[in-house]
Amino acid sequence: MLDISALLEEIKASPYEEIAVRAPHSGLATFPEGLAPGAPVNGRTGEFRERPGTLLARIERERNPRDVTCPERGEIVAVHRELHGSFVEAGTELVRFRHFLTRVEVEERILKKALHLFLAPERARYYFIPAQDIKIKTAGSRSVSVRDGEELFIMSRMKREMPLRYSGPEGVLYAVYFSHAADVDAGSPLIGVCPPGLVDQVEDVVARVRTEWKETS
């Protein structure tokens, strides 16, 4: 089991992640006035995240401007104003900002270290087999125990469906990281499995994060 106290203190010492915002394609780059290090920025908002985040830059190609907006709430660290009015290639870093971790994000980080993660073998859509899907929908994922070699998923790719077996330690299906409606990239976690004897300890970890974590406004 992880040393939760040490991990929490480590995250508290750097309670953020720095995110680089890059040019989505080549074109002429411009930056809005007033955007400078220390400025607060917002990500998408609205019930359906329909309102774009703070404008960070604009890329114009063939007289078609495209706004580059902030994906998350945070604080500007650097703006590459030396690129203002210049032609940039796709992937060029335009702005870097600091995103302060939310309680939910901290929980997810710790759980992904504490649980055994079963990863998607390739980019596809994934589903639980019908028997397990019904059980999860009626009683929750933690009502399901899994064992090595058990047929647990259906992998759907290019109109073909194939069974996929779980490989890893026996335990409780503690977390589900995929949605039936979206493709999952290869190497992304599908589920997190907790050994039966550690469920109470993991619950204590979650409770502690909820008590101790103070979000940055």
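One point on numbering: in this note's numbering, the residue at position 42 of the sequence shown is 235, and numbering is uninterrupted. We treat Cβ as the ideally placed atom computed from N, Cα and C, and that holds for glycine. If you're wondering where the values come from, they're calculated on a predicted model, not measured in any experiment.
DSSP, read as helix, strand or coil, puts I322 in coil. V337 carries a coil assignment under DSSP once its states are collapsed to helix, strand and coil.
The C-beta distance from V337 to K330 rounds to 11 Å, too long to fall under 8 Å, and the pair is not in contact.
The alpha-carbon of K352 is positioned some 12 Å away from that of Y319.
Among the bridge pairs identified by DSSP, I252 is matched with A222, R259. In this structure, R302 keeps its C-beta atom at 7 Å or more from the C-beta atom of E408. The continuous stretches of alpha helix (DSSP H) do not include R291, which lies in the beta strand (DSSP E) extending over residues 286 to 293. Contact between L287 and L249 holds, with the beta-carbon distance rounding to 7 Å and staying under 8 Å.
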